[in-house]
Structure formats: structure tokens, C-alpha cells
Ligand SMILES: Nc1ncnc2c1ncn2[C@@H]1O[C@@H]2COP(=O)(O)O[C@H]3[C@@H](O)[C@H](n4cnc5c(N)ncnc54)O[C@@H]3COP(=O)(O)O[C@H]2[C@H]1O
Ligand SMILES: Nc1ncnc2c1ncn2[C@@H]1O[C@@H]2COP(=O)(O)O[C@H]3[C@@H](O)[C@H](n4cnc5c(N)ncnc54)O[C@@H]3COP(=O)(O)O[C@H]2[C@H]1O
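Protein chains in written order, with the numbering used here: chain A, 63 to 203; chain B, 63 to 203.
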């Protein structure tokens, strides 16, 4: 049964390793973070510290919300704010040994899930695309 | 077999109907479109004309790329540009009668797929979340 196969497959087998994941540093100013997001085209990316310990997630929405002023978008506010002040730290993570079946539950509500080991070290991300590709594959196996 | 069940289920059964979908008009200026995207929190939404005929997709990325100037983000350019000049018209669509199995293939590469009838009328969107929820359900049936 497909469920049993996916219960045995681990998240580490489907995830993008951290060296392939665009990220920002927790101490970066928001104008830099927005430039990274616009140039790479990603709507949101992980935030880490200098030891590559996972901190949270930052998105274009979170940054642009800071610019909503009386005069519409006030982007000069961004150089004075840091990623740490705006990022979302309340996000689920997965262990690299978690099953793909557990991963499926989590990506229902999140475009990607950060994969972290027991020490909080950032190992990679499990994306909806990788999950959907695998499930599509299962349909024809 | 799960594949047969999903081959018989239609996209219209899983899609969000157009009256529940945030969208912008093809003639809107880009500053208005960006405000809609920031306030609703969506990274991209469908574009329609005044007769609700599907035109394409617009995203925060596409709009912000227009503001990348010498002086970093130049947002005052946005009121002078229209959604039509920046939107992506090269996007796949699905018929409401297409199978969920066909829909699965398409959402592998797109966070959502617009559903249009034979006349190009915008019926709704099929999202990855709806697809993943259904596939998760199938795992336990
Ligand atoms: N440069 C690119 N090349 C090819 N396809 C692209 C692309 N940028 C976006 N896409 C497509 O658009 C989807 C949504 O991207 P988004 O940036 O909103 O949302 C992304 C982004 O927030 C994050 N992500 C994906 N890959 C990443 C990476 N290498 N570094 C950092 N974040 C990543 O995970 C979310 C889900 O990614 P997923 O692959 O499932 O889904 C992606 C992928 O199907
Ligand atoms: N206001 C909200 N409430 C609850 N969850 C939210 C949310 N905004 C975003 N999310 C979550 O984040 C995912 C990615 O949203 P995004 O805006 O990048 O990408 C969205 C957006 O571009 C579009 N979309 C979804 N619902 C929409 C709607 N009602 N109107 C217009 N576009 C929509 O389809 C993409 C995929 O949506 P999906 O539901 O699979 O996946 C959504 C959903 O899981």
C-alpha cells in the first residue's frame, strides 16, 4: 500500500539540502532581505544565524507590510529594520528522519517545511513540489 | 486503485469558485495591484477583464521587478504601469471537467492553476493545498 511505502521513506530523501536553499541571516536589514527575495523570485525563505541554526521564515508580505504607511509604500523604512524584528518564528519543522507521510500532513498548510536536526541546525527544506512529484510518481507505480 | 478514483474526480469538485478568489483587473495600475496582494497576503492572483474572461497571473515578484532601479526600489514607477504590461499570460489552465489526476500533474509546477471554460470564462482555481488535502485523505481511505 502506498501509505506504508511513504511511511518508510524519510524526509531527508525528498528535501533540498541547505546548500541549495536561498536564505537570509537573522541580522540582515530588511532592504537587503527584500532584494534577495525579488532577485531569486522566492516569496519566502528560511532565516538562519551565523552558525546555521534555524531561526524562522521571512516573506515579501512580512517585509512589505512594514512599508504600508500613510503615503502608501514607504520603502525607506526598510534599511532601519532587521529580519529578526519581522520574521515568523512560529513555524513547524521536521526532523530529517521523519516519514514522508508526516511531511505530507505538514505541507498541506505550508509551501515548504524547514528540516532541522536535534540541535536546531538547518538541514534543508521539504517543498510541496517535491511532495507532489513523489505522489504523482506513486500514482503510476 | 487510487489512480482510477482520481481519474474520475473532476477539477470542479476540488477548485475554489471564482467568487472566493481574489483577483485584479487587467486595466488596474500596478500600485493598486501590489496593495491588493500585500493586504490579502497572496503572492500571486489571477487577472481578469471586465467580462470575467481570464487574462493571466500577476505576482508581487513581477511588480517589484519593475521597481528595481539604480536607487534600489523605486515604487513611484508603479502608478504609471498597468497590470496588462507586466502579467504572465503564458500559464496553463484547466477545464472544470478535467480529471483531478490531470490537475495533479499541473500543480507540480504551479502553486495554483486557473480553471476556465471553453469560452475562457474564469471559473475558479485549483490550489496545491486542495490537492494535497485530497491526496492525504486518499492515504487513509
Ligand atoms: N526559481 C524557480 N525555479 C523553478 N520553479 C520555481 C522557482 N521559483 C518558484 N518556483 C515555482 O513556484 C513555486 C512557489 O514558489 P514560492 O517562492 O512561492 O515558494 C517556495 C519558496 O518559498 C520555497 N523555496 C523553494 N525552493 C527554494 C530555494 N531553493 N531556496 C529558498 N526557498 C525555496 O519553498 C516554496 C515552495 O517551493 P516549490 O518548489 O514547492 O514551488 C515553487 C516552484 O514550483
Ligand atoms: N489568507 C490565507 N489563509 C490561509 N492560508 C493561506 C493564506 N494565504 C496563504 N496561505 C497558505 O500559504 C500558501 C501559499 O500562498 P501563496 O499566496 O504563496 O499562493 C497562493 C495564491 O497565489 C493562490 N491563492 C490561494 N487562494 C487564493 C484566493 N482565495 N484568491 C486568490 N489567490 C489565491 O494560490 C496559491 C496557492 O494557495 P494554497 O492554498 O495552495 O497555499 C497557500 C496556503 O496554504
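Even for Gly, the Cβ is constructed at its ideal location relative to N, Cα and C.
Problem - Start-to-end residues for the beta strand (DSSP E) that takes in residue 185 of chain A - result: 184-189
Problem - Environment of residue 159 of chain A [buried if 16+ CB atoms lie within 10 Å] - result: exposed
Practice task
Using 7 angstroms as the cut-off, classify the Cβ of residue 202 of chain A as near or not near the heavy atoms of ligand 1, replying yes or no.
Solution key: no
Handout entry: Alpha-carbon spacing of residue 88 of chain B relative to residue 152 of chain B, whole angstroms
Key = 15 angstroms
Practice task
Taking C-beta pairs closer than 8 angstroms, name the residues in chain B that residue 103 of chain A reaches, listed in chain order.
Solution key: 123
Handout entry: C-beta atoms of residue 179 of chain A and residue 80 of chain A nearer than 8 angstroms
Key = no
Exercise for the section: Report yes if the CB atom of residue 187 of chain B is closer than 8 angstroms to the CB atom of residue 91 of chain B, and no otherwise. Expected result: no
Handout entry: Identified DSSP bridge partners for residue 206 of chain A
Key = Residue 206 of chain A is absent from the structure shown; chain A starts at 63 and stops at 203.
Problem - Backbone CA spacing between residue 105 of chain A and residue 99 of chain A [nearest angstrom] - result: 6 angstroms
Exercise for the section: Indicate the three-state DSSP secondary structure (helix, strand or coil) for residue 92 of chain A in the structure shown. Expected result: helix
Handout entry: Below-8 angstroms beta-carbon distance, residue 156 of chain A vs any chain B residue
Key = no
Practice task
Would you mind reading off the limits of the alpha helix (DSSP H) that contains residue 145 of chain B?
Solution key: 145-148
Exercise for the section: Look at residue 33 of chain B and residue 135 of chain A and say whether their C-beta atoms are less than 8 angstroms apart. Expected result: Past the edges of chain B, shown from 63 to 203, lies residue 33 of chain B, and the structure says nothing about it.
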